[in-house]
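Per UniProt numbering, the sequence shown runs over residues 1 to 90.
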Amino acid sequence: MHTPPKETIERIKEEIAKQLSYALDNLPALVEDKQAAKVLGVKQNTLAVWRSTGRYRLPFVKVGRMVRYRVSDLAEFMARRTVGHTGEIA
């Protein structure tokens with residue numbers, strides 16, 4: 001899988017900050033699974049399935065029952081999965 005350009009990841013981080021109502025300079029490093037689901041446009045249960053099956057290999061942090069996602073990982077995940085047309089491999 002290709003590594004997206006840093007500029008693309010930073011642009012997506014800006015979009016995430018806006019979507020979660022944070023200032024870019026005050027964006028937390030980790031967000032709850034509910035916030036991650038909102039950013040990705042999926043349900044929390046979908047993220048739980050992805051975690052248990054490893055379907056998309058989206059990294060997460062788990063301490064006890066607490067699940068958090070790094071904003072940088074979400075931005076990179078979204079950048080890697082962005083395609084220009086349906087013939088591209090994501």
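For each residue, glycine too, the CB sits at the ideal point set by N, CA and C.
Identity of the residues DSSP links to R70 by a beta bridge: L30
For K13 and V71, believed in contact at Cβ under 8 Å, the rounded distance: 6 Å
Y56 to W50 span [Cα, whole Å]: 6 Å
Per DSSP, cross-strand counterpart(s) of K62: V67
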